[in-house]
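Using the working numbering, you'd call the opening residue of the sequence shown number 627 and step up by one each time.
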Amino acid sequence: MMTGDIELGHRQCPSTAPEPPGYPRWASWIASDPDNEPFLFRKFDELGALNLLYLQSDMIHLEAQLKELALEEVRQPDIDSIDAARQWEALLNLCAPSMITGNSNSANVESKASVRAKKKMELILQLRAKMKEYHEALLLQSKVAQLQSPSGRVLRAVKQMFSQDGYTVLDGRAKDYLDADDLVALKSPAIDHLSNYLRKAMATKSNTGQADTCKTVDRESDASKSKGSHNGLASSPSSWQ
627 MMTGDIELGH RQCPSTAPEP PGYPRWASWI ASDPDNEPFL FRKFDELGAL NLLYLQSDMI
687 HLEAQLKELA LEEVRQPDID SIDAARQWEA LLNLCAPSMI TGNSNSANVE SKASVRAKKK
747 MELILQLRAK MKEYHEALLL QSKVAQLQSP SGRVLRAVKQ MFSQDGYTVL DGRAKDYLDA
807 DDLVALKSPA IDHLSNYLRK AMATKSNTGQ ADTCKTVDRE SDASKSKGSH NGLASSPSSW
867 Q
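And the structure:
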């Protein structure tokens, strides 16, 4: 089984059991790195957006149904529906099977109110489930969007292990997944404070050196101009400003 640090490549540990090819082998190598750096996967930005759009449209449709039902209750008011709009217990009572029984005209009124109440309850239950699914998808997508891209060093090392001698560990459409633009590293790249400090120090030193050079050039230019004026040479108009 391939184990060891990602930088060590084909480091082998003694094993007498044959290593299974394909997905098991690649998963084994990814998991063997002690720093978990090879955990690189696609986040599927386009599919994530598509999923959210479909979920959002489903919510929009449900919202329209609830609004239409509320308008229907306003256009065709009855005592039971009014009570159900104000009391949860009244809505539950209208949804009970006994509300469709009765006699003469009162039965018809109760039946209409009951049908409307059951439709509302069905939409309410759909709302609970779909709202939960939609909000969970939003939160998950928000977290996924914060995942960082892998560093060039890690990506090069993983690609080197994935493709060797003209063959890739995985085949089919999955063989190109490391070339995708939406790869993320499940482990955030470590911040190298020493390297950052050295880069800033070098940049500061470089800027200081350039400033000293500019000051030297300016002094030499001023001396040249002063010498020219003593020799009776007129300075250019630009130097007057």
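All C-beta atoms, glycine included, are put in the ideal place defined by N, C-alpha and C.
Three-way DSSP call (helix, strand, coil) for residue i in this model
i: L773; result: coil
i: L796; result: coil
i: A811; result: strand
i: T727; result: Because T727 carries a pLDDT of 47, less than 50, the predicted location of this residue cannot be relied on, and the following value inherits that uncertainty. It is coil, neither helix nor strand.
i: I663; result: Looking at the sequence itself, residue 663 is Glu, so the reference to Ile does not match. In this structure, E663 counts as coil in the three-state DSSP scheme.
i: A763; result: helix
i: E748; result: helix
i: A806; result: coil
i: L791; result: A quick correction: the sequence has Asp, not Leu, at residue 791. D791 falls in the coil class under three-state DSSP.
i: D704; result: coil
Where residue i falls, given that 16 or more other Cβ within 10 Å makes a residue buried
i: K746; result: buried
i: A807; result: Checking the displayed sequence, the identity of residue 807 turns out to be Asp instead of Ala. When all chains shown are included, D807 counts as exposed.
i: W655; result: buried
i: W714; result: exposed
i: P703; result: exposed
i: P660; result: exposed
i: E645; result: exposed
i: V843; result: Note that V843 scores a pLDDT of 49, beneath 50, so its modelled location is shaky; the value from the coordinates is reported in the next line. Under this definition V843 is an exposed residue.
Closest by C-alpha distance to residue i, when choosing among the options
i: P776; options: I705, L812, P650 and C721; result: L812
i: R742; options: T794, L781 and A716; result: A716
i: A690; options: W652, D791, L749 and M828; result: L749
i: A763; options: D671, L718, K744 and P647; result: D671
i: A755; options: M685, Q790 and G798; result: M685
i: G648; options: Q786, D797 and M828; result: D797
Proximity below 8 Å, CB of residue i to CB of residue j
i: K693; j: V770; result: no
i: L773; j: F788; result: no
i: L720; j: A710; result: yes
i: L666; j: L809; result: yes
i: L695; j: Y760; result: no
i: V784; j: R651; result: no
i: A739; j: D706; result: yes
i: L688; j: Q767; result: no
i: V780; j: E698; result: no
Span of the alpha helix (DSSP H), counted from its first residue to its last, around residue i
i: F788; result: G778 to F788
i: L695; result: D671 to R701
i: L717; result: W714 to C721
i: A653; result: Y649 to S658
Endpoints, beta strand (DSSP E) assigned at residue i
i: F667; result: L666 to R668
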